[in-house]
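Undergrad: Residue numbers (UniProt numbering), protein chains in the order written: chain A, 1 to 129; chain B, 1 to 129.
Glycine included, every Cβ here is placed at the ideal spot set by N, Cα and C.
All values reported here derive from a predicted model rather than from experimental measurement.
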DNA sequence: AAGTTATGTTATAAAATCTAACATTGCGCG
DNA sequence: CGCGCAATGTTAGATTTTATAACATAACTT
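#1: Along the chain, where does the alpha helix (DSSP H) containing residue 8(A) start, and where does it finish?
#2: When DSSP builds the beta bridges, which residues end up paired with residue 50(A)?
#3: Just confirm the distance between the C-beta atoms of residue 13(A) and residue 12(B), as a whole number of angstroms; I'd bet it's less than 8 Å.
#4: How big is the Cα-Cα spacing for residue 49(A) and residue 93(B)?
#5: Taking residue 32(A) as the reference, which of 91(A), 64(A) and 81(A) has the closest Cα?
#6: Comparing the C-beta of residue 17(A) with each C-beta of chain B, is any distance below 8 Å?
#7: Can you find a CB in chain A that lies within less than 8 Å of the CB of residue 14(B)?
#8: So, helix, strand or coil for residue 28(A), using DSSP?
#9: When DSSP labels each residue in this structure, what does residue 88(B) get in the three-state scheme?
#10: Could you tell me whether any Cβ in chain B is nearer than 8 Å to the Cβ of residue 21(A)?
#11: When we look at the beta-carbon of residue 37(A) and count the other beta-carbons within 10 Å, is it buried (16 or more) or exposed?
#12: Would you decide whether residue 29(B) is buried or exposed? Buried here means 16 or more other CB atoms lie within 10 Å of its CB.
#13: Report the option in 82(B), 59(B) and 88(B) whose CA atom is closest to the CA atom of residue 24(B).
#14: By a C-beta neighbour count over all protein chains shown, 10 Å radius and 16 as the cutoff for buried, is residue 66(B) buried or exposed?
#15: Count the other C-beta atoms from every protein chain shown that fall within 10 angstroms of the C-beta of residue 4(B), then say buried if there are 16 or more, exposed otherwise.
#16: Excluding five sequence neighbours on each side, which residues of the same chain lie with their C-beta closer than 6 Å to the C-beta of residue 80(A)?
#17: Could you check the C-alpha separation between residue 89(B) and residue 52(A) for me, to the nearest Å?
#18: Who are residue 41(A)'s beta bridge partners in DSSP?
#19: Going by alpha carbons, who is nearest to residue 39(A) out of 22(A), 57(A) and 16(A)?
#20: Pick helix, strand or coil for residue 68(B), following the three-state DSSP scheme.
Shown next as structure tokens:
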């Protein structure tokens, strides 16, 4: 699946196409970039070029906004996501120790039972960080 | 797989992107269109917009040209291909009669044995049609 | 040698995008 | 209520990309 990942991350779409696909305005798309939610590449002439992954992310952003999450919240969500992804990558490298397994199991259990996961910082979009 | 087909046929790429992906010049890409080998869509502003299928086809065209096939030859190849595809679509609709099966088997046999397939018209790129 | 094919090159016009600034709208809050 | 900020709209002017069309050319065919 390395091939597919590469394709999805190829920056081949100009902003006009992205507008049509996502039903967002250029202003919105550039604003989300300003907020560092997406980082499109630039071509030789300084035009923004987007990948399919960028498209996916824009749809996600749209959904979050519809749900009432603000920019800061969305940023926070992606930071968390990245932290988790990195942790996951680490796990894939080294096999788990018994201790890791216990810790992971405990976290899972707490999450499922509806208790607060100590790893998941509380977050309120309307209160400043 | 209907979803994937749709995505592959979505016209989302401007010619600049296609140039980079295929390593063809704009002149070449437009010329192949003039020859009716590809038919990109146009956006509201009359700019050509290409799909992933178009990209695939351009790579194929490149390969044929490298092999020494000329435009007329490539056109012929695609006409044949389309005929076959259409026939295939028909087959998928109605179950085969015993006669169909025999005929198909025989054609397969002739092809594999290196004999001329009566269905495949002889074609010489350097002779006029 | 002349014609044809595939491609290069150039000029001119139109469309798409960029940045930056100012405008507007809706919402939380003292 | 009225202020302030967040998200988005709008506009202007510059730059880049693409379109069409015409003419040029190199390599083949005949």
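TA: So, from the data block:
#1: Looking up residue 8(A) in the first chain gives position 8. 2-8 is the span of the alpha helix (DSSP H), which, as asked, contains residue 8(A).
#2: Counted from its first residue, the first chain places residue 50(A) at position 50. In DSSP, residue 50(A) forms a bridge with 13(A).
#3: What you label residue 13(A) is simply residue 13 of the first chain in a count that begins at 1. What you label residue 12(B) is simply residue 12 of the second chain in a count that begins at 1. Contact flag correct, Cβ pair sits at about 6 Å.
#4: As a position in the first chain, residue 49(A) is number 49, starting the count at 1. As a position in the second chain, residue 93(B) is number 93, starting the count at 1. So the alpha carbons of these two residues sit roughly 42 Å apart.
#5: On the first chain, position 32 is the one that residue 32(A) refers to. Nearest C-alpha to residue 32(A): 64(A).
#6: Here the question's residue 17(A) lines up with position 17 in the first chain. Interface residue, yes.
#7: Taking the second chain and counting its residues from 1, one reaches residue 14(B) at position 14. Residue 14(B) counts as touching chain A.
#8: Here the question's residue 28(A) lines up with position 28 in the first chain. Reduced to three states, the DSSP call for residue 28(A) is helix.
#9: Along the second chain, read from residue 1 onward, the residue named residue 88(B) stands at position 88. Under the three-state reduction of DSSP, residue 88(B) is assigned to helix.
#10: Residue numbering aside, residue 21(A) sits at position 21 when the first chain is read from its first letter. It does: the Cβ of residue 21(A) has a partner Cβ on chain B nearer than 8 Å.
#11: Along the first chain, one-based indexing puts residue 37(A) at 37. Looking at its Cβ environment, which holds 16 or more other Cβ atoms inside 10 Å, residue 37(A) is buried.
#12: Locating residue 29(B) in the second chain gives position 29, where the first residue counts as 1. Buried, by the Cβ-count rule.
#13: Sequence index remark: in the second chain, residue 24(B) carries index 24 (1-based). The shortest Cα separation from residue 24(B) among 82(B), 59(B) and 88(B) belongs to 59(B).
#14: One-based indexing of the second chain puts residue 66(B) at position 66. Exposed, since its Cβ has fewer than 16 Cβ neighbours within 10 Å.
#15: Numbered from its first residue, the second chain carries residue 4(B) at position 4. Around the beta carbon of residue 4(B), fewer than 16 other beta carbons lie within 10 angstroms, which makes this residue exposed.
#16: Looking up residue 80(A) in the first chain gives position 80. Listed in chain order, the non-local C-beta contacts of residue 80(A) below 6 Å within the same chain number zero, local neighbours out to five positions each way being set aside.
#17: Taking the second chain and counting its residues from 1, the one referred to as residue 89(B) is at position 89. Taking the first chain and counting its residues from 1, the one referred to as residue 52(A) is at position 52. Computed Cα separation, rounded: 31 Å.
#18: Looking up residue 41(A) in the first chain gives position 41. According to DSSP, which records beta bridges pairwise, residue 41(A) is partnered with 49(A).
#19: Mapped onto the first chain, residue 39(A) falls at position 39. Of the candidates 22(A), 57(A) and 16(A), the one whose C-alpha sits nearest the C-alpha of residue 39(A) is 57(A).
#20: By 1-based counting over the second chain, the position of residue 68(B) is 68. Coil, per DSSP.
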